[in-house]
Amino acid sequence: MIKRELIMNKVRPFMDKQLIKVLTGIRRCGKSVMLQLIQDELKNRGVKDDQIYALNFEDMANSDLMEAQKLHDVVMEKATKNPELKYLFFDEIQEVVEWERCINSLLSKGKFDIYITGSNATLLSGELATFLAGRYIEIHVYPFSFEEFILLYESEESVDKNFEQYIQFGGFPFLQHFIEEPIAVAQYLKDIYSSVLIKDVMKRNQFRDVDLLERILLYVIAHVGETFSANAISKFFKSEGRKVAPETVMNQLKGCEEAFLFHRVPRIDLVGKQILQVNEKYYIADHGLRQAVYGNNQRDIGRILENIVYMEMLRRGYTVRVGRVGNREVDFVCDKAEQRIYLQVAYLLASDETVARAFGSLLAIEDNFPKYVLSMDRFDMGRQGILHRYIPDFILQME
2 MIKRELIMNK VRPFMDKQLI KVLTGIRRCG KSVMLQLIQD ELKNRGVKDD
52 QIYALNFEDM ANSDLMEAQK LHDVVMEKAT KNPELKYLFF DEIQEVVEWE
102 RCINSLLSKG KFDIYITGSN ATLLSGELAT FLAGRYIEIH VYPFSFEEFI
152 LLYESEESVD KNFEQYIQFG GFPFLQHFIE EPIAVAQYLK DIYSSVLIKD
202 VMKRNQFRDV DLLERILLYV IAHVGETFSA NAISKFFKSE GRKVAPETVM
252 NQLKGCEEAF LFHRVPRIDL VGKQILQVNE KYYIADHGLR QAVYGNNQRD
302 IGRILENIVY MEMLRRGYTV RVGRVGNREV DFVCDKAEQR IYLQVAYLLA
352 SDETVARAFG SLLAIEDNFP KYVLSMDRFD MGRQGILHRY IPDFILQME
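Residue 2 is where the sequence shown starts when you use this note's numbering, and the numbers rise one by one after that.
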């Protein structure tokens, strides 16, 4: 079990603080394992086993605790018998009826450090403020990064070979059990996709037209990394003889965002300093899902590389937007605290036109923040203060 330091670094500042730690993310990305990793870290700090109480509500052995009052009573009874009890870990908390009443009450006691995960079908970002009254911190869990992918498989292959596998399979943790079986990998990823589609998007939002939702999702998956609008999708369906209102498209895309299937990236005018309201980009939570559902990751390698870089910047805590300078576009404007990094992503800088496009947008930016062109070229092609990096090296060497 790898330590997942990028996520642990986000958890540590809030350990032993009177805030509920809520771990969210797409299905099967490793939220339950993160609860165990947090417990392991506490024990390494000297916390004793009897100071920790952990329950998984998908375990039938805990079925008698799936009501708020019963769970509350059991925790308080244990705390009475053991005054040192402090750390509470509840996995799949949504199985407990009125769970939020129990969690809020336990927090109000002032002695518990609480960590929870929940199914995306019932516990999503937009609802946390209502459920937990602002007394929580949300920590996003993502599928494995490229670095975690290498650590998980203890691979002795070259960086190039590992990255090729990562492009094909993506980073869902459970893939380690059959990574040598591409057919099994594809089936597993399709099943994750179907679960998100049915349970976290359709059922939760009460969408009834499965075919329409699937077709909208396939459009977005096919156009990952491209700017488009709900109107563009609506016009696309109209050209195929099907009438779909832009508002319907937006509602369905919002449902997919809330289930962490897609990430919407707004655009910012770097000159006027304003957020642009049209033609945003979407990236998928894990590019392995795209390969399993749609295929063509190798053919669309430029888009997939963008997707990988975008997700890496999210993992590292950056707020990411698409930039515009006049008529030029900057792939990613990445902000964290007082830091800013500009990134342009390309497959290969194989022509003068590609080089001009990759470097031109960055040269038009007049501030002194770091600017990078990222590609699969091994040779350093940096110029005029703009850095050039080989994409796998950039990902592995980031701090």
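C-beta atoms are modelled at their ideal positions from N, C-alpha and C, and glycine is treated no differently.
| message | To the nearest angstrom, how far is the alpha carbon of Phe-145 from that of Ile-285? | response | 14 Å
| request: Tell me whether Gly-303 sits in a helix, a strand or coil according to DSSP, three-state version. | output: helix
| From which residue to which residue does the alpha helix (DSSP H) around Asp-212 run? | 211-223
| said: Buried or exposed for Asn-45, going by 16 or more other Cβ atoms inside 10 Å? | reply: exposed
| message | Below 8 Å, how does it come out for the segment 64-79 and the segment 90-103: are there three or more Cβ pairs, yes or no? | response | yes
| task | With a floor of 4 residues, list each alpha helix (DSSP H) that falls wholly inside the segment 17-50, ordered by position along the chain. | result | 32-45
| request: For Leu-375, name the three-state secondary structure that DSSP assigns. | output: strand
| task | Find out if the Cβ-Cβ distance for the pair Glu-149, Arg-5 is shorter than 9 Å. | result | yes
| CB-CB under 7 Å to Ala-246, same chain, minus the five flanking residues each way: which ones, in chain order? | Ser-235
| request: Let me know if Asn-328 comes out buried or exposed under the rule of 16 or more other beta-carbons within 10 Å of its beta-carbon. | output: exposed
| said: By the DSSP assignment, the alpha helix (DSSP H) with Phe-147 in it spans what residues? | reply: 147-154
| When you compare each of Val-211, Tyr-311, Arg-317 to Val-323 by their alpha carbons, which one comes out closest? | Tyr-311
| request: Using only alpha-carbon positions, find the residue among Ile-21, Leu-198, Asn-232 that is nearest to Leu-219. | output: Leu-198
| task | Figure out for me which residue from Ser-106, Leu-388, Asp-212 has the closest Cα to the Cα of Ala-1. | result | Nothing can be reported for residue 1, as the shown portion of the chain is limited to 2 through 400.
| field | Closest by C-alpha distance to Lys-143, when choosing among Leu-350, Lys-244, Met-314, Leu-214 | value | Note that residue 143 corresponds to Tyr in the displayed sequence, not to Lys. When each option's Cα is compared against that of Tyr-143, the closest is Met-314.
| Beta-carbon separation (whole angstroms), Phe-58 vs Ile-94, contact threshold 8 Å | 6 Å
| Contacts around Ala-55, its chain only, beta-carbon distance under 6 Å, and the 5 residues preceding and following it disregarded | Phe-90
| Per DSSP, Lys-82 forms a beta bridge with which residues? | According to DSSP, which records beta bridges pairwise, Lys-82 is partnered with nothing at all.
| What first and last residue would you give for the alpha helix (DSSP H) that runs through Pro-393? | 392-398
| query | Quick one: does the C-beta of Ala-260 sit closer than 8 Å to a heavy atom of the ligand COA? | reply | No copy of the ligand COA occurs in the structure displayed, which carries no ligand at all.
| Count the other CB atoms within 10 Å of the CB of Met-35; is the residue buried (16 or more) or exposed (fewer)? | buried
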